[in-house]
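The block underneath contains the structure these notes are about, expressed in structure tokens.
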Amino acid sequence: MPTKLVVLLANTDPDRPIEVGAPLFQAAVAASMDCEVDVVLTGAPGILMKKGVAQAMVLKPDSGKTAYDFIKMAKKAGARFLLCAATADLHGLGPDDLIPECDGLAAVTEYVADLMDDKCRVLTF
Numbered sequence: 012m013p014t015k016l017v018v019l020l021a022n023t024d025p026d027r028p029i030e031v032g033a034p035l036f037q038a039a040v041a042a043s044m045d046c047e048v049d050v051v052l053t054g055a056p057g058i059l060m061k062k063g064v065a066q067a068m069v070l071k072p073d074s075g076k077t078a079y080d081f082i083k084m085a086k087k088a089g090a091r092f093l094l095c096a097a098t099a100d101l102h103g104l105g106p107d108d109l110i111p112e113c114d115g116l117a118a119v120t121e122y123v124a125d126l127m128d129d130k131c132r133v134l135t136f
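Numbered per this note's numbering, the sequence shown spans residues 12 to 136.
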């Protein structure tokens, strides 16, 4: 039986906030169900790990809820947030640029190994 969920944000467009909420909410729900959850951000959505970006992204007009609120909710439930190391380089991000909820950088080999593991399930956005 699978014991881990990887929520992979690779094609989510950070310029379209409507696309950002669902994967973060699903990560929070899975983590609250005591599932081991890694949220891996690669490519364009990696910018969400930069200080100020998720905080400024309102997911639904007039709700006041931001992408950062959903990140904090998932983190509080136990999810880990990992930024692809190559993506950090692509966006010019160093450790001081990242939100405190980011658990660090992950090499492509690290998260691809998880994706190939039979005990892991993957949601890709």
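Ideal Cβ positions, reconstructed from N, Cα and C, are used throughout, including at glycine.
Quick one: using the 10 Å Cβ neighbour count with 16 as the cut-off for buried, is residue i buried or exposed?
i           : result
residue 82  : buried
residue 60  : buried
residue 68  : buried
residue 110 : buried
residue 120 : exposed
residue 63  : exposed
residue 107 : exposed
What span of residues does the beta strand (DSSP E) with residue i cover, start to end?
i           : result
residue 50  : 47–52
residue 133 : 131–135
Would you kindly report the start and end of the unbroken alpha helix (DSSP H) that includes residue i?
i          : result
residue 19 : Segment 15–20 is the beta strand (DSSP E) holding residue 19; no alpha helix (DSSP H) there.
residue 59 : Looking at the DSSP string, residue 59 is not in any alpha helix (DSSP H), and its letter there is neither H nor E.
residue 34 : 32–43
Could you give the C-beta distance for residue i and residue j, rounded to a whole number, given that I count them as a contact under 8 Å?
i          : j          : result
residue 51 : residue 99 : Residue 51 to residue 99, Cβ: 12 Å. No contact.
Jot down the residue ranges of each uninterrupted alpha helix (DSSP H) in the segment 65–123, minimum 4 residues, whole runs only, in chain order.
78–88 and 96–101
Meets three-Cβ-pair contact criterion under 8 Å: the segment 110–128 and the segment 28–44:
no
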